[in-house]
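Peer 1: Have a look at the structure that comes next, please.
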Amino acid sequence: MISKKLITAFTLLPLLSNTMDAQVQLKGYEKKMDSIIQTEFGNTNEPGGVFLITQHGKKLYQKAFGKANLELNVNMTSGNVFQIGSMTKQFTAVAILMLEQEGKLNVNDPISKYIKDYPNGDQITIHHLLTHTSGIKDFTKIKSLSSITQKEMKPEEMVNFFKNEPVDFAPGEKFDYNNSGYVILGYIIELASRSTYEDFIKKNIFDKAGMRHSYYASDRKVIPQRAYGYHKKEQGFVNKTIISFSVPFSSGSLMSTADDMLKWQQALNQNLLLNSKETQKAFQKYKLNNGEEFTYGYGWHLKDLNGIPDREHGGSVFGFKSMGVYIPDEDIYVIGLSNCDCHSPTEVTKMLAKATLNEIKVSSRKP
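Its first residue numbered 1, the sequence shown is counted upward by one per residue in my numbering.
See below:
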């Protein structure tokens, strides 16, 4: 049960500005969150990040740390746009389920239905791709990857890059996180929708959810409020490695803000994009061929924090890292975005979620 007192302290604070207890609770909570984040993001002269914590869609905490651009000495703001890396997979998975809802595909379809010449394509299903159980070779582990990283690749060309590689295991035999599977899913989205992946995501997800500051990534387009990405080397910080976003494609090429990622989470909660039956498919655990259950749905890791179930996923792409945690039982969403792959928000975001859960427990015990 969620504490009414905590909700009052946080979400109704403007109405209770004269209530000392509410202010003390909020200040104490803010200090705890600050101290957690500053262990990793405390240097104001380095690339930094943005963190957002919400409950029932209301902001409990939101702050920006460090610099959005080192060369221009621009401070980070909560509205900066980041590449989100593999958090893109959430959008790809939901796009597939949207197409299933429209009757344009089925997650149990073999991929040979869409890509006729795919090796063993009659044994590998869309479900295998969604759950990282296909056995297909992950293209990020192929030695010749550097030969294409700066080329503009069509989805079909990306699939052709890895499709003839030896498989790692038979479909459904094990769970092994796999970017290639999500590239194939993006190609299937294009084939089934007769639209580009970029256009499909914008029209059917970003626009519907009101995500006005989310994009398919580009280094050419002028993107307002863009946070620039960095690496840390022995001699100091350097600008991120340039890659063609057509390579990670539907496995890792989207950009967003913390506020837009909250809109994404709310759109899922409110069945704005999918009906409840299709939504449930994303958030249930599945089993391997031997009956063993694994902790991944469609685009989300399904784990727990302090024994309470959560849905989580991170992302890492040159110059950026991201992490999102959602706790359904308490309707808590925590998102962390970083503009240096030297600063990971993964553990910080989890710690923020745990600390927020603890605050709720403590508050619920108070008379």
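Where a beta carbon is used, it is the ideal one built from N, C-alpha and C, also for glycine.
What residue range does the beta strand (DSSP E) around residue 231 cover?
Peer 2: Where residue 231 is concerned, the enclosing beta strand (DSSP E) stretches over 230 to 233.
Peer 1: For residue 125, report the span of its alpha helix (DSSP H) as first-last.
Peer 2: First-last for residue 125: undefined, no H or E at that position.
Peer 1: In the DSSP assignment, the alpha helix (DSSP H) including residue 197 goes from what residue to what residue?
Peer 2: That run of the alpha helix (DSSP H) goes 197 to 201.
Peer 1: So, helix, strand or coil for residue 68, using DSSP?
Peer 2: Strand, per DSSP.
Peer 1: Using the C-alpha atoms, what's the distance from residue 53 back to residue 330?
Peer 2: Answer to the nearest angstrom: the Cα atoms are 12 angstroms apart.
Peer 1: Around the C-beta of residue 9, are 16 or more other C-beta atoms found within 10 angstroms, so that it is buried, or is it exposed?
Peer 2: Reliability fails at residue 9, whose pLDDT of 40 lies under 50, so the model's placement of it is uncertain and the value that follows must be treated cautiously. Label assigned to residue 9: buried.
Peer 1: Is the Cβ-Cβ distance between residue 320 and residue 229 less than 9 angstroms?
Peer 2: Cβ distance < 9 angstroms, so residue 320 and residue 229 count as in contact.
Peer 1: Can you look up residue 423 in the DSSP assignment and give me helix, strand or coil?
Peer 2: Summary: the structure shown does not reach residue 423, with the chain confined to residues 1 through 367, and so no result is reported for it.
Peer 1: Per DSSP, residue 101 forms a beta bridge with which residues?
Peer 2: Partner(s): none; residue 101 has no beta bridge.
Peer 1: Identify whether residue 336 lies in helix, strand or coil by the three-state DSSP scheme.
Peer 2: If DSSP states are grouped into helix, strand and coil, residue 336 belongs with the strands.
Peer 1: Residue 234: buried (16+ other C-beta within 10 angstroms of its C-beta) or exposed?
Peer 2: When all chains shown are included, residue 234 counts as exposed.
Peer 1: Exposed or buried, what is residue 214 when buried is set at 16 or more other beta-carbons lying within 10 Å of its beta-carbon?
Peer 2: It is buried - the Cβ of residue 214 has at least 16 other Cβ atoms within 10 Å.
Peer 1: If the criterion is Cβ atoms closer than 9 angstroms, does the pair residue 222 and residue 187 meet it?
Peer 2: No, these two residues do not count as a Cβ contact at 9 angstroms.
Peer 1: With DSSP as the reference, please indicate the residues paired to residue 301 in a beta bridge.
Peer 2: Its beta-bridge partners are 296, 312.
Peer 1: Does residue 347 pass the burial test, meaning 16 or more other C-beta atoms within 10 Å, or should it be called exposed?
Peer 2: Residue 347 should be labelled exposed.
Peer 1: Could you tell me the alpha carbon to alpha carbon distance between residue 218 and residue 245, rounded to whole angstroms?
Peer 2: In a straight line, the C-alpha of residue 218 is about 7 angstroms away from that of residue 245.
Peer 1: Does DSSP put residue 154 in a helix, in a strand, or in coil?
Peer 2: It is coil, neither helix nor strand.
Peer 1: Less than 9 angstroms between the beta carbons of residue 297 and residue 284, yes or no?
Peer 2: Taking 9 angstroms as the Cβ cut-off, residue 297 and residue 284 qualify as a contacting pair.
Peer 1: Taking just the CA atoms, how far does residue 336 sit from residue 49?
Peer 2: About 7 angstroms.
Peer 1: Grab the span of the beta strand (DSSP E) containing residue 322 for me, first residue to last.
Peer 2: Unbroken beta strand (DSSP E) run through residue 322: 320 to 327.
Peer 1: Of the choices 317, 345, 327, whose alpha-carbon is the least far from that of residue 149?
Peer 2: Among 317, 345, 327, the Cα nearest to that of residue 149 is on 317.
Peer 1: So is residue 4 buried or exposed if we call it buried at 16+ other beta carbons inside 10 Å?
Peer 2: In this predicted model, residue 4 has a pLDDT of only 38, less than 50, meaning its place in the structure is not dependable; the value taken from the coordinates is given anyway. Its Cβ having fewer than 16 others within 10 Å, residue 4 is exposed.
Peer 1: Give the secondary structure of residue 58 by DSSP, where H, G and I count as helix, E and B as strand, and everything else as coil.
Peer 2: Three-state result, residue 58: strand.
Peer 1: Among the candidates 47, 97, 85, 79, whose CA atom is the shortest distance from the CA of residue 69?
Peer 2: Minimum Cα distance to residue 69 is reached at 47.
Peer 1: Between the region 262 to 281 and the region 172 to 182, do at least 3 Cβ pairs fall closer than 8 angstroms?
Peer 2: No, the region 262 to 281 is not in contact with the region 172 to 182.
Peer 1: For residue 140, which of 133, 99, 182 has the nearest alpha-carbon?
Peer 2: Minimum Cα distance to residue 140 is reached at 182.
Peer 1: Based on DSSP bridge pairs, tell me the residues matched to residue 287.
Peer 2: BP columns for residue 287 point to 293.
Peer 1: Starting from residue 179 and walking both ways along the alpha helix (DSSP H), at which residues does that stretch end?
Peer 2: First-last of the alpha helix (DSSP H) with residue 179: 179 to 193.
Peer 1: Measure the beta-carbon distance from residue 250 to residue 145 and round it to whole angstroms, keeping in mind my assumption that it falls under 8 angstroms.
Peer 2: Not quite, the Cβ-Cβ distance comes to about 17 angstroms (not below 8 angstroms), so this is no contact.
Peer 1: Would residue 352 pass as a contact of residue 51 if the rule is Cβ separation under 9 angstroms?
Peer 2: Yes.
Peer 1: Could you have a look at residue 254 and say whether DSSP puts it in helix, strand or coil?
Peer 2: Strand, per DSSP.
Peer 1: Starting from residue 238, trace the beta strand (DSSP E) both ways and give me its first and last residue.
Peer 2: First-last of the beta strand (DSSP E) with residue 238: 236 to 239.
Peer 1: Select from 205, 339, 128, 204 the residue whose C-alpha is nearest the C-alpha of residue 240.
Peer 2: If we check each option's Cα against that of residue 240, 339 comes out closest.
Peer 1: CA-CA distance, residue 311 and residue 334?
Peer 2: Taking the straight line from one Cα to the other gives about 11 angstroms.
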